[in-house]
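Just add 31 to the spot in the sequence shown (first one is 1) and you have the working numbering.
Written below as structure tokens is the structure these notes are about.
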Amino acid sequence: MKNLKKYIKYGLAVALVTGCDTKQLHDLNINPQALNEVNLNFIFTSAELGIASNGTTGDNRYIDWRTNIGMFSYAIQHLANSGGGIAPGDKYTVNAETNAAPFEFTYNDQLKNIAEILKQSGPGGFAEGKYKNTREASRILRAFSFARLTDLYGNIPYSEANKGIEGIFFPKYDTQDVIYADLLKELDEATAALSTSNPDEGFKAADFIYNGDIARWKKWGYSLMLRLAMRISNVDAAKAATYVTKAAAGGVFTSNADNVWVKMADGPSEWVNQNGISRAFDAGDGGQPTYLSATLVNFLKGANPAVATDDDPRLMIISGGIGSGTVITDPVKQKGMPNGYDLAMLEKLENKKPIDVSTTYSRINSKMLQDSDPYQIMNYGEVEFLLAEAIERKIGTGIAGTAKSHYEAGVKASMQMYTPFDASLTVSDAAAAKYLTTYPYGVTKPALEMIGEQMWVNKFFNWWEAWSDWRRTGFPKLTPTNYPGNVTGGTIPVRLRYPTNEVAGNPNYQTGATLPDDFTTKVWWDK
Numbered sequence: 032m033k034n035l036k037k038y039i040k041y042g043l044a045v046a047l048v049t050g051c052d053t054k055q056l057h058d059l060n061i062n063p064q065a066l067n068e069v070n071l072n073f074i075f076t077s078a079e080l081g082i083a084s085n086g087t088t089g090d091n092r093y094i095d096w097r098t099n100i101g102m103f104s105y106a107i108q109h110l111a112n113s114g115g116g117i118a119p120g121d122k123y124t125v126n127a128e129t130n131a132a133p134f135e136f137t138y139n140d141q142l143k144n145i146a147e148i149l150k151q152s153g154p155g156g157f158a159e160g161k162y163k164n165t166r167e168a169s170r171i172l173r174a175f176s177f178a179r180l181t182d183l184y185g186n187i188p189y190s191e192a193n194k195g196i197e198g199i200f201f202p203k204y205d206t207q208d209v210i211y212a213d214l215l216k217e218l219d220e221a222t223a224a225l226s227t228s229n230p231d232e233g234f235k236a237a238d239f240i241y242n243g244d245i246a247r248w249k250k251w252g253y254s255l256m257l258r259l260a261m262r263i264s265n266v267d268a269a270k271a272a273t274y275v276t277k278a279a280a281g282g283v284f285t286s287n288a289d290n291v292w293v294k295m296a297d298g299p300s301e302w303v304n305q306n307g308i309s310r311a312f313d314a315g316d317g318g319q320p321t322y323l324s325a326t327l328v329n330f331l332k333g334a335n336p337a338v339a340t341d342d343d344p345r346l347m348i349i350s351g352g353i354g355s356g357t358v359i360t361d362p363v364k365q366k367g368m369p370n371g372y373d374l375a376m377l378e379k380l381e382n383k384k385p386i387d388v389s390t391t392y393s394r395i396n397s398k399m400l401q402d403s404d405p406y407q408i409m410n411y412g413e414v415e416f417l418l419a420e421a422i423e424r425k426i427g428t429g430i431a432g433t434a435k436s437h438y439e440a441g442v443k444a445s446m447q448m449y450t451p452f453d454a455s456l457t458v459s460d461a462a463a464a465k466y467l468t469t470y471p472y473g474v475t476k477p478a479l480e481m482i483g484e485q486m487w488v489n490k491f492f493n494w495w496e497a498w499s500d501w502r503r504t505g506f507p508k509l510t511p512t513n514y515p516g517n518v519t520g521g522t523i524p525v526r527l528r529y530p531t532n533e534v535a536g537n538p539n540y541q542t543g544a545t546l547p548d549d550f551t552t553k554v555w556w557d558k
């Protein structure tokens, strides 16, 4: 310690004797080999990748394996699981990694990257006034990611999030109503500010979602605005109507060509740019089972399951059949696994002991489970269903067409959106029309129920959003499971718990979080 003090004292003395000014001393701390400025488009590309995986921070299957699949695919009964492990959504159990994954990876990856883009392209940043379209597109990505986080947890750090470099190490929590108000404002401003008149500055090359197509980015911004507006429609009808009207006027998706797909690849790194959902289902990698839920299969088999004439064309797109080797692909023979059953319970149910689930139940079509398959974020079919609902509920103005026309366009789009996985997964216009004739809008069931059910089917793979849609609309009418030892009292979970590190480490948790921190505590808009 004496030597350290001596050196410090000596160093100060030398500085004073030699007459070094403050700037000279500061310059001594600058690494001449380091970059003082970074091309923000490189960070933007990582941010785009991050909304479909864990980006550059690690294992890109982690968040899908633990949460998108492990909780939500089972909770909303698209998939079923006969075991335990990381599948809390099937039997309403607790898994710490399932709760933590979205919170930790979203803040630490895409939102961190986006925060840097906005900081450096904003006032005082080295790129102030530059990268204009990159900046506005980043604001849309930011709104997408924060909307998902607050939908999963409720109140979250928002206004002070990702500001550690500014000395904010324990960000405060913002309430969900405040967050939604700002997200809608951000989407309004950012989408309007995107322009072909802005200099490209590398945006086209960096954007691997739309290749710099400003018109399609605007459509996504307004489509996301429509989603968020409808999500708060049960608790803030006035604000919802305002932004539904803005979205309709701005221009939302008009075909499957507008769908948001994040491109994936087999290489060069399996941990970064391969499809995280596919990897999570890979027996040698993630190992999540791929069995379809009886709830989904029965819905797709239609009103007359003993014959194939009433089947939804998506049945044998989503289902890869039963068994291996000689695979059963007859639509009539497809069978889903009931949720909330373990092997012993299935043996009793099916009167088979031992039971081989692989030759008993339908599984996901492997044509949609390749590591290089693109990852869908949002699609045109959802937008049409939201427009149909808005008309039915008289939310907003300026929507052309009728609820029926938008519903039918949504069903057709939902059936025909799978070809990016494999060209063979096509549904003809005639097949879609036949289905709509068999199940006419507002006749087979009440209109809003039919819209809600179709949004549910539409979100296969996008189980985060299917769960949020179900919580908001109440459709489809799911029957909860009541597996022994479940922690919800036999009710479907309606939010995630905060990560234990956040609970223990952020002192603002006690005063700002959504409490009680439990799976049965509803978020603000879920009323």
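Glycine included, C-beta positions come from ideal geometry on N, C-alpha and C.
Note on geometry: alpha-carbon atoms of L400 and E197 lie some 42 Å from one another. Bounds of the alpha helix (DSSP H) holding I210 are Q207 to A224. Note that the region 152 to 165 does not touch the region 177 to 197; fewer than 3 beta-carbon pairs, one per stretch, sit closer than 8 Å. When secondary structure is reduced to three states using DSSP, M409 falls in the strand class. In the three-state reduction of the DSSP assignment, L257 falls in the helix class, which pools H, G and I.
Inter-segment contact for the region 214 to 223 and the region 242 to 254 is present: three or more beta-carbon pairs are separated by less than 8 Å. Residues V328, S350 and S393 of the same chain have their beta carbon placed closer than 6 Å to that of Q365, with the five preceding and five following residues left out of the count. By alpha-carbon distance to N335, the top candidate from W495, Y470 and G120 is Y470. Following the DSSP letters along the chain, one finds V534 inside the alpha helix (DSSP H) bounded by residues T531 to G536. W501 and T510 have their alpha carbons spaced roughly 12 Å apart. Judged by beta-carbon spacing, G185 lies beyond the 7 Å limit of R528, meaning their Cβ atoms are not closer than that value. Between N99 and W495, the C-beta spacing is below 7 Å. Of the residues assessed, N290 falls on the buried side of the cut-off, its CB having 16 or more other CB atoms within 10 angstroms.
The DSSP-derived three-state label of I240 is coil. Counting only runs of at least 4 residues, the region 488 to 541 fully encloses the following alpha helix (DSSP H) elements, listed from N- to C-terminal order: 494 to 504 and 531 to 536. Secondary structure of W96 (DSSP, three-state): helix. Secondary structure of S455 (DSSP, three-state): coil. By the Cβ-count criterion, K379 is exposed, with fewer than 16 other Cβ atoms from all chains shown falling within 10 Å of its own Cβ.
By the C-beta density criterion, N513 is exposed, having fewer than 16 other C-beta atoms within 10 angstroms.
Closest in C-alpha terms to D402, from the list A260, N517, N164 and F312, comes F312. About 12 Å separates the beta carbons of A174 and I408, which is beyond the 8 Å limit, so they are not a contact pair. R394 has Y322 as its beta-bridge partners, per DSSP.
Between E128 and R97, the C-beta gap is smaller than 7 Å, which places the two residues in contact. By a beta-carbon distance limit of 8 Å, G233 contacts N70. Their separation comes to about 7 Å.
The shortest CA-to-CA distance from K398 to any of P230, K277 and T321 is the one to T321. Listed in chain order, the alpha helix (DSSP H) runs fully inside the region 146 to 217 are 163 to 184, counting runs of at least 4 residues.
Of P119, K203 and I523, the smallest CA-CA separation from N537 is found for K203.
Contact check between the region 269 to 284 and the region 428 to 441: three or more CB pairs, one atom from each, fall below 8 Å, which counts as touching. Excluding its 5 nearest sequence neighbours in each direction, P451 has C-beta neighbours in its own chain below 7 Å: W292 and P405, listed in chain order. Spatial neighbours of L214 in its own chain (CB-CB distance under 7 Å, excluding positions within 5 residues in sequence) are listed in chain order as A174, F177, A178 and L259.
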